[in-house]
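To start, the structure itself, in structure tokens.
Residue numbers (UniProt numbering): 1 to 621.
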């Protein structure tokens, strides 16, 4: 250390020396940087603002210390203490077979192979340029029986594409940052690692260091499930977060019918409010606000129609939104990268020499040339085609056709085997009116993928509604935080309308005072337009140790017993005094009455004889 200081002094650098207290404080601050709860700040419940370091960051650190790898905290964000000025980010996602919920509340299903611009933000004075692209590939038909290879099937027929496209890769870059590629690994290659993370044309691993920072990019891998299936990428200057999951981050080891994961990526994108994108889809004043505040024009698959006035704010996903031709052509013409989506050429084979480059540029589901042209070329399935397919397959399953022509039965059986899911009746019963579930279940022939896309869609809709909802706040509670006092639960709601905050002490202490507060509205009934939100009135909560509390209880009991005895003695003494006083009064009256009594005389005149009275002493208290 001394040699390093001398070398630094020779180079003209200033060396900062820390004492033990400063070093401990710096150590604690560095540990708190690790705290994160996913990259979704909109879903986080605001915490109590007066106890962040002691009650929230400290508890999170202890959680990670004792829970080990099961505690995944990273990139913690929360709104301001008042929460009145909090503006939610615009969040969108793409999952399954091209199901999109855009950042401006557009809902549609888009399937077309190729490389597309997911998000593009031009460079302005205050914002960097952001470029995010995704690769859509035709998902292979999982009905193919590989046991027929060599006898009834050739090598070229093992991978047969379907008419559904899935996300297999994403590229992320901003001004002055490293380029990040996250791709799904190919078939038979997803046992150990399910995704490839390439940063700056170098393959990176996150087995031991799950949080790594590169030039302008922060990458975190949630490796609770094996194989790095959940990746978070944060563009630091642009403040844009992306979550990439492979096969919905399912634990494939628990699914005995799968030898490896499905090879499907789903993307969640979070754009901060600094770019002027309203999450409710109201773009009425978008042009005016963009010109007034010099905001960039955000466009891409996550915002395909930035110039549209209003999106479908309260309308869900319908069958009319499944590959509509007008929407498809606009997206293809505006956002598909030129030269992508077509059959491969010999020029693409040059990337096979370099493994990292091949992972990025070559598709993971390569098919034979005959499946890219002719009758096997891609044909999008619209909503009407999907309804007709499901109903036809259900009729084939339930209505046994009798008396058909010689070839009609064979063709019907072949159609059902090649195009229909295994159980169309179960598909209708399980999915119901869920369009995304019906689409994925029918085209993938997978009940698990249908359920997962339905659950993730419903969960995202609920989170989005909670995100854009405006909450009223009571602000921080004006109380002191004495020793051993804590808010329970520590990560529960803190100070929003309707929240109930409860306080408790450590196990070695008892809670005293008012331990429960509720945030409610206070209305001036003389002026209904005037109202505010306040905590209910109460006394300061504080803690008392159990030993002291037990000592005080015993002391109160003993003093109460002694006090009771003293009261009884006083009552007895008072009664005795009253009795003695009354006896003294009666004695004095008798003495005066018999002090002189007449004695008869011989001449008839009364004669008085003096009798000495007794002196009766009454002791007075």
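Each residue gets a CB set at the ideal place from its N, CA and C atoms; glycine is no exception.
Since we're looking at a predicted model, the values are computed, not measured.
- Using a C-beta cut-off of 8 Å, the segment 567-576 makes no contact with the segment 499-514, since fewer than three inter-stretch Cβ pairs fall below that distance.
- Less than 8 Å divides the Cβ of residue 110 from the Cβ of residue 331.
- If one requires a minimum length of 4 residues, the alpha helix (DSSP H) runs lying completely within the segment 266-335 are 286-292, 325-335, in chain order.
- For the options 114, 319, 129, 366, the alpha carbon positioned closest to that of residue 236 is the one of 129.
- Separation of the CB atoms of residue 371 and residue 87 is rounded to 48 Å, and the pair is thereby denied contact status at 8 Å.
- As for any alpha helix (DSSP H) of minimum length 4 sitting wholly inside the UniProt domain "Sushi" (472-545), there is none.
- For the pair residue 137 and residue 328, the CB atoms are not nearer than the 8 Å cut-off.
- Less than 8 Å divides the Cβ of residue 190 from the Cβ of residue 227.
- Annotation: the continuous alpha helix (DSSP H) that includes residue 444 extends over 435-444.
- Ranking 324, 208, 280, 337 by CA distance to the CA of residue 300 puts 337 first.
- Under the three-state reduction of DSSP output, residue 119 falls in the strand class.
- The Cβ-Cβ distance between residue 165 and residue 139 falls below 8 Å.
- By the CB criterion at 8 Å, residue 505 and residue 484 fall inside the cutoff.
- Note on geometry: alpha-carbon atoms of residue 373 and residue 367 lie some 11 Å from one another.
- When C-beta atoms of the segment 239-254 are compared with those of the segment 276-285, fewer than three pairs fall below 8 Å, so the two segments do not count as touching.
- When only Cα atoms are considered, residue 449 and residue 507 end up about 46 Å apart.
- For residue 184 against residue 195, the beta-carbon gap comes to about 6 Å, under 8 Å, which counts as contact.
- With 16 or more other CB atoms across the displayed protein chains lying within 10 angstroms of its CB, residue 283 is buried.
- Counted as a single uninterrupted DSSP element, the beta strand (DSSP E) harbouring residue 242 occupies residues 240-246.
- In this structure, residue 91 places its C-beta atom within 8 Å of the C-beta atom of residue 268.
- A direct Cα-Cα distance of roughly 21 Å separates residue 210 from residue 270.
- Short of 6 Å from the beta carbon of residue 365, and not among the five residues preceding or following it, lie these beta carbons of its own chain, in chain order: 137, 140.
- Rounded to whole angstroms, the gap between the alpha carbons of residue 503 and residue 363 is 56 Å.
- Check the Cα spacing between residue 171 and each of 316, 400, 153, 265: the tightest is with 265.
- A straight line joining the alpha-carbon of residue 221 with that of residue 212 spans about 9 Å.
- Here the alpha carbon of residue 202 sits roughly 12 Å from the alpha carbon of residue 182.
- When DSSP reads this structure, residue 136 sits in a beta bridge with 114, 167.
- Bounds of any beta strand (DSSP E) do not take in residue 454; it lies within the alpha helix (DSSP H) bounded by 447-468.
- When DSSP states are grouped into helix, strand and coil, residue 181 belongs to the strand group.
- Distance check between residue 217 and each of 231, 548, 569, 486 places 231 closest, using alpha-carbon atoms only.
- Taking C-beta atoms under 8 Å as the contact rule, residue 307 and residue 107 fail to qualify, at a distance of about 18 Å.
- Between residue 413 and the set 396, 261, 481, the nearest pair of CA atoms involves 396.
- Taking a C-beta distance under 8 Å as the contact criterion, residue 393 and residue 420 qualify as a contact pair.
- In the three-state scheme derived from DSSP, where H, G and I count as helix and E and B as strand, residue 131 is classed as strand.
- Going by DSSP, residue 213 is part of the beta strand (DSSP E) stretching over 211-214.
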